[in-house]
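**Q** Before I ask anything, here is the structure I am working with.
2 protein chains.
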Amino acid sequence: MAGPPRKTKTPDSARAITADLVAVLVAVTDGQPKIMTIANAGALPSGPFEFKHRSLQSGLRAWVEAQTGHPLGYVEQLYTFADRGRTGDGPSPHSVSISYLGLTREDQVADGASAHWSGWYDYFPWEDHREGPPSLLAKLLTPRLRAWAKSAPSAALQRERWQRAAITFGFEDREWNEELVLQRYELLFEAALIPEAVRESGNAGTLVPGRPMTADHRRILATGIARLRAKIKYRPVVFELMPAEFTLLQLQRSVEALAGRLVHKQNFRRLMEQQQLVEETGAIAADTVGRPAKLFRFRHAVLAERAVAGTKLPLSRT
Amino acid sequence: MAGPPRKTKTPDSARAITADLVAVLVAVTDGQPKIMTIANAGALPSGPFEFKHRSLQSGLRAWVEAQTGHPLGYVEQLYTFADRGRTGDGPSPHSVSISYLGLTREDQVADGASAHWSGWYDYFPWEDHREGPPSLLAKLLTPRLRAWAKSAPSAALQRERWQRAAITFGFEDREWNEELVLQRYELLFEAALIPEAVRESGNAGTLVPGRPMTADHRRILATGIARLRAKIKYRPVVFELMPAEFTLLQLQRSVEALAGRLVHKQNFRRLMEQQQLVEETGAIAADTVGRPAKLFRFRHAVLAERAVAGTKLPLSRT
DNA sequence: ATGGCTTATACTTATCCTGAGCATAACCTA
DNA sequence: TAGGTTATGCTCAGGATAAGTATAAGCCAT
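Quick mapping for you: the protein sequence lines, in order, are chains A and B. Following my numbering, the numbering of the first sequence begins with 1351 at its first residue and continues without gaps. Following my numbering, the numbering of the second sequence begins with 1351 at its first residue and continues without gaps.
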C-alpha cells in the first residue's frame, strides 16, 4: 500500500495476484484435539479461491461440506497472510492466503480424498500441559532458548530475548499462559529452532521436536489454536465439537484437550450450571466405570436468548 | 474454494484478482472518537496492495505513517472481504479488501491530502449511549424495526426477526451491549433501513439517520468499532490514543468515547490502580476547573512484565 | 473571605465470583 | 463386602465488583 488514498490508475493486470483459502478444521476425538491435514499430514487443506460464492465464508463452507459430508458448525476467519512469491516460483504472481477456523466432528467425515485427522500436539508438543509441563520444555526448550538469548550481540538484547522467552513459555515461576501459542511459535522461529525457519538457509543446527508443515501452515495452525483457546472462554463454541448428548466429564475433557491444561471439576460443573449452557436429557450414560453420569445437551436457546458479552469495564447504571 | 484440496492446475491468469487495503484509523480528540476519512467523509482511506513490503501489516504502517507523519502505534488486521466485482466494473477482475484497525492521535497528522477526521458517531448515531439511549432509538429505530419484523411472511419469522432486533438493540429491558456494533449494522442493512442497502434496488423508503459510505466501508467501520470496543476491555490499547501525560478523567473520557457509555468513576480509577497500568508523573494538571488532578503516564513496562491474559476457565493448580 | 460550583480522591459496604477442598452417592469388580 | 472409580452436593475463605458516602482542593462571583 503506497501512494495516494484514492485508487490509483495502475492497470489491474500489473497488480494482479492470486488468493488461496486455508482451513484449520478442528475436531476433538477421545479427548484429543485433531486437525484435518493433507499431503501426508504435512499441510493444511487449502485451495484456490473462486468467486462462485457470495462470500469467502460460504465458499469455504461449501468446500468443507463437500469434503466431510456434513454441515460445518462454526466457521470464523483467522487471518490473511501475504506470501511474497512461492518457493521456486521466481518472480511470478504473488498471492494472499486467507485462513479460516472451522469446528467439526471427526466421526462424520466421509474420507474420500487424501485427508486425515492428525493430533494437533504432534505439531506443538510443548503446548500440552494436561499432565504437567511436558518434559521437553525443561530438557530441550529452556536450554536452547537460553543459548539463543545468550547469542545476542548486546547485553541489553540478551536480557530482552530471555525475558520474552520467559514470559511466553512461563519460565522462572511465571504462569503458563495457554493462549500464547502463536507467540511461542514465532519465538522458536526467530530462534531458528524449528525446521521451517532454517529451511532456506539450510542451517539446520539443533532443532526442537514437533512436526513441520509446508509453507507457513504451522504458523496458521498456531493462529487457529490460539484463537480457539481464547474463544472457548467467552463463547459457547466447544459444543460444536461435541456429540448431541454428552456427560459433563466428556465436555470437560474436550475443553481440557483444547486448552492443554486441566480444569477444576466441581467448579467447571458449577460454571456450566449457572450459565445455563446445558440441560439434562433425562438419560444416563451407559457402559462407564464408576457412578453413571447424567447426559446433557447444549441449550441452543442461549444463542437466541442472550448475546453473551463480557463486560470488564466498571459501567455505570445511570 | 472448490475442487480437490491439493492445488489445482488452473492457470494463474484465470484466477487473478486484485487486493486493496482499507484502514480504520482511530483517534480520540476532546472526548470524541474520530476516524480518518477521504472523499469528503464518504470513504475510508484505502489503496491498492503492493508487494513492496515484508508483510501486509508493514505495508499499511508505512503508508499511514507517510500520510500522517507520525509512527502508528497499534495496528491489527480486521477482516478480509470479497467483493464480487465493483459497481459498474462489469465482469472485470474481482478483488478482496483486507481491512486494518489502527490507533493514532489526531494532533500529529500532517494533513496534506484530502484526509479528514470525522466523528464516528456521525456514521452510527444509535451507538452513542453516553447520555442515555439516544432518542432516535425509541423514536425511529424501534418502530421501523418492528414494522420490518411484522412484514415477514410467517408468524415464526416475525417473532424471530423481532427477537434478533430486541437482542442486538436492547429492546424490552434487555441490556444494551455496546459490542454488537456490527450485528446492529447488519440488521439495519437486512431491514433495508440504510442507504447502502437500497443503493442498487433504488427502493429508498424510510431510512434511518447516519451518514453512508461508499461500497461496504461502513460495514468495515462497524467491524473496527466492535473490535476496539471489545479490545479495550482486556488489552491496554486506549493508551495508544492518549497523549504522553493525562489525568485519570481524561483517560476515562476516552474509554467512554469508544465504548459509547459511561463508567463508574471511582471504580474505574481503582481498576487502573490495581492493574498498575499507570504511574504518576509527579506533575499536576494545570488550567482546569475544579480541583487539579494528578498527571499519569502509561507504564510501558507492563507490556514486558505480563502477557495480560484473561482466564475464565476454572483452571486447576495441580 | 466566603459560599457555592467543580473535580479529585479516600473509604465503606454488601454482594458476587472463584479457587479449593470435604463429603457423600452410585456404580463396578474382585 | 471392601475397595476402586466417577458423579454430585456443599462449604468456606478471599478477592473482585458495584454502588455509594465523605472529604479535599481548586476556582469564581459576590
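All C-beta atoms, glycine included, are put in the ideal place defined by N, C-alpha and C.
In chain B, which residues lie with their C-beta within 8 Å of the C-beta of residue 1618 of chain A?
**A** Within the first sequence, numbered from 1, the residue matching residue 1618 of chain A stands at position 268. Near residue 1618 of chain A (Cβ distances below 8 Å), the residues of chain B are 1663, 1664.
**Q** Any idea what DSSP makes of residue 1443 of chain B, helix, strand or coil?
**A** Position 93 of the second sequence, counting from 1, holds the residue named residue 1443 of chain B. A caution first: residue 1443 of chain B carries a pLDDT of 47, below 50, which makes its placement in the model unreliable, though a value can still be read off. Correct three-state label for residue 1443 of chain B: coil.
**Q** Just tell me which of A:1595, A:1473, A:1652 has its CA closest to the CA of residue 1630 of chain A.
**A** For the purposes of this step, residue 1630 of chain A is identified with residue 280 of the first sequence, where counting begins at 1. Out of A:1595, A:1473, A:1652, A:1595 has the C-alpha closest to the C-alpha of residue 1630 of chain A.
**Q** Return the chain-ordered list of same chain residues with a C-beta closer than 6 Å to the C-beta of residue 1498 of chain B, the five sequence neighbours on each side being excluded.
**A** The residue labelled residue 1498 of chain B in the question sits at position 148 within the second sequence. So the qualifying residues of the chain are 1541.
**Q** Given that residue 1611 of chain B touches chain A, what residues does it touch there, using C-beta distances under 9 Å?
**A** The sequence position of residue 1611 of chain B within the second sequence is 261, counting from 1. Those are 1663, 1665, 1666, listed as they occur along chain A.
**Q** With 16 other CB atoms within 10 Å as the buried threshold, where does residue 1444 of chain A fall?
**A** Looking up residue 1444 of chain A in the first sequence gives position 94. So residue 1444 of chain A ends up on the buried side.
**Q** On the criterion of 16 or more Cβ atoms from any shown chain inside 10 Å, does residue 1349 of chain B qualify as buried, or is it exposed?
**A** Limits of chain B in this structure are 1351 at one end and 1668 at the other, which puts residue 1349 of chain B out of reach.
**Q** Should residue 1522 of chain A go down as buried or exposed, given a rule of 16 or more other Cβ atoms within 10 Å for buried?
**A** To locate residue 1522 of chain A, count along the first sequence from 1; it is residue 172. Label assigned to residue 1522 of chain A: exposed.
**Q** Determine contact between the segment 1577-1593 of chain B and the segment 1499-1507 of chain B, defined as no fewer than three beta-carbon pairs at a distance below 8 Å.
**A** No contact exists between the segment 1577-1593 of chain B and the segment 1499-1507 of chain B.
**Q** If we cut at 9 Å on Cβ distances, does residue 1405 of chain B have a partner in chain A?
**A** Along the second sequence, read from residue 1 onward, the residue named residue 1405 of chain B stands at position 55. At least one chain A Cβ lies under 9 Å of residue 1405 of chain B.
**Q** Which of helix, strand or coil does DSSP assign to residue 1551 of chain A?
**A** Within the first sequence, numbered from 1, the residue matching residue 1551 of chain A stands at position 201. It is coil, neither helix nor strand.
**Q** Return the bridge partner residues of residue 1582 of chain A from the DSSP annotation.
**A** By 1-based counting over the first sequence, the position of residue 1582 of chain A is 232. DSSP lists no partner for residue 1582 of chain A.
**Q** Starting from residue 1492 of chain A and walking both ways along the alpha helix (DSSP H), at which residues does that stretch end?
**A** Your numbering for residue 1492 of chain A matches position 142 in the first sequence. It spans 1492-1500 - the alpha helix (DSSP H) in which residue 1492 of chain A sits, taken as one unbroken run.
**Q** May I have the straight-line CA-CA distance separating residue 1476 of chain B from residue 1493 of chain A, to the nearest angstrom?
**A** Mapped onto the second sequence, residue 1476 of chain B falls at position 126. Mapped onto the first sequence, residue 1493 of chain A falls at position 143. Looking at the two C-alpha atoms, the distance is approximately 55 Å.
**Q** Going by C-alpha to C-alpha distance, which of B:1489, B:1528, B:1534, B:1490 sits closest to residue 1511 of chain B?
**A** The sequence position of residue 1511 of chain B within the second sequence is 161, counting from 1. Here the closest residue by C-alpha is B:1534.
**Q** So is residue 1598 of chain A in contact with chain B if we call contact Cβ pairs under 9 Å?
**A** Translated into the one-based positions of the first sequence, residue 1598 of chain A becomes position 248. Chain B, which has no Cβ nearer than 9 Å to the Cβ of residue 1598 of chain A, makes this no.
**Q** In this structure, how does DSSP classify residue 1616 of chain A when only helix, strand and coil are distinguished?
**A** As a working mapping, residue 1616 of chain A is identified with position 266 in the first sequence. Reduced to three states, the DSSP call for residue 1616 of chain A is helix.
**Q** Verify the CB distance criterion: does residue 1621 of chain A have a CB-CB separation below 9 Å to chain B?
**A** Residue 1621 of chain A sits at position 271 when you count from the first residue of the first sequence. So, interface residue.
**Q** Once DSSP output is grouped into helix, strand and coil, what is the label at residue 1467 of chain B?
**A** Counting from one through the second sequence, the residue named residue 1467 of chain B turns up at place 117. Looking at residue 1467 of chain B - three-state DSSP - the assignment turns out to be strand.
**Q** Could you give the first and the last residue of the continuous beta strand (DSSP E) run that contains residue 1385 of chain A?
**A** Along the first sequence, read from residue 1 onward, the residue named residue 1385 of chain A stands at position 35. Run containing residue 1385 of chain A: 1382-1387, per the beta strand (DSSP E) assignment.
**Q** Could you give the C-beta distance for residue 1615 of chain B and residue 1602 of chain B, rounded to a whole number, given that I count them as a contact under 8 Å?
**A** Working through the second sequence from its first residue, we reach residue 1615 of chain B at position 265. Working through the second sequence from its first residue, we reach residue 1602 of chain B at position 252. Indeed, because the Cβ distance is near 7 Å, the residues count as touching under 8 Å.
**Q** Give me the Cα-Cα distance between residue 1664 of chain A and residue 1613 of chain B, rounded to the nearest whole angstrom.
**A** In the first sequence, counting from the first residue as 1, residue 1664 of chain A sits at position 314. In the second sequence, counting from the first residue as 1, residue 1613 of chain B sits at position 263. Going from the Cα of residue 1664 of chain A to the Cα of residue 1613 of chain B covers about 5 Å.
**Q** Interface residues of chain B around residue 1614 of chain A at Cβ under 8 Å?
**A** Translated into positions along the first sequence, residue 1614 of chain A becomes position 264. Here the neighbours are 1664, 1665, 1666.
**Q** Is the segment 1566-1578 of chain B touching the segment 1621-1628 of chain A in the sense that three or more CB pairs, one from each, lie closer than 8 Å?
**A** The segment 1621-1628 of chain A vs the segment 1566-1578 of chain B: no contact.
**Q** Is the Cβ of residue 1427 of chain A closer than 9 Å to any Cβ of chain B?
**A** Looking up residue 1427 of chain A in the first sequence gives position 77. Output row for residue 1427 of chain A: interface = yes.
**Q** Going by DSSP, name the residue or residues bridged to residue 1398 of chain A.
**A** Along the first sequence, one-based indexing puts residue 1398 of chain A at 48. Note: residue 1398 of chain A sits in a beta bridge opposite A:1370.
**Q** Mapping the DSSP letters down to three states, classify residue 1432 of chain B as helix, strand or coil.
**A** Residue 1432 of chain B sits at position 82 when you count from the first residue of the second sequence. It is a strand residue.
**Q** Within 10 Å of its beta-carbon, does residue 1387 of chain A have 16 or more other beta-carbons around it, so buried, or fewer, so exposed?
**A** For the purposes of this step, residue 1387 of chain A is identified with residue 37 of the first sequence, where counting begins at 1. Its Cβ being crowded by 16 or more others within 10 Å, residue 1387 of chain A is buried.
**Q** Measuring only the C-alpha atoms, how far is residue 1557 of chain B from residue 1544 of chain B?
**A** Along the second sequence, one-based indexing puts residue 1557 of chain B at 207. Along the second sequence, one-based indexing puts residue 1544 of chain B at 194. Spanning the two alpha carbons is a distance of roughly 5 Å.
**Q** Using DSSP with H/G/I as helix, E/B as strand and the rest coil, what is residue 1573 of chain A?
**A** Residue 1573 of chain A sits at position 223 when you count from the first residue of the first sequence. DSSP places residue 1573 of chain A in helix when its eight states are reduced to three.
**Q** Can you grab the Cα-Cα spacing for the pair residue 1359 of chain B / residue 1600 of chain B, in whole Å?
**A** If you number the second sequence from 1, residue 1359 of chain B lands on position 9. If you number the second sequence from 1, residue 1600 of chain B lands on position 250. Unreliable placement is indicated for residue 1359 of chain B, whose pLDDT of 45 sits below 50; the coordinate value is still reported in the next sentence. So the two alpha carbons sit approximately 58 Å from each other.
**Q** Output yes if chain B places a C-beta closer than 9 Å to the C-beta of residue 1570 of chain A; else output no.
**A** Within the first sequence, numbered from 1, the residue matching residue 1570 of chain A stands at position 220. Not closer than 9 Å to any Cβ of chain B, the Cβ of residue 1570 of chain A fails to qualify, so no.
**Q** Just how far apart, CA to CA, sit residue 1478 of chain B and residue 1611 of chain B?
**A** Mapped onto the second sequence, residue 1478 of chain B falls at position 128. Mapped onto the second sequence, residue 1611 of chain B falls at position 261. For residue 1478 of chain B and residue 1611 of chain B, the distance between alpha carbons rounds to 7 Å.
**Q** Mind listing the chain A neighbours of residue 1454 of chain B? Cutoff is C-beta to C-beta under 8 Å, in chain order.
**A** In the second sequence, the residue the question calls residue 1454 of chain B occupies position 104. Chain A residues near residue 1454 of chain B: none, gap ~15 Å exceeds 8 Å.
**Q** How big is the Cα-Cα spacing for residue 1473 of chain B and residue 1384 of chain B?
**A** Numbered from its first residue, the second sequence carries residue 1473 of chain B at position 123. Numbered from its first residue, the second sequence carries residue 1384 of chain B at position 34. Looking at the two C-alpha atoms, the distance is approximately 11 Å.
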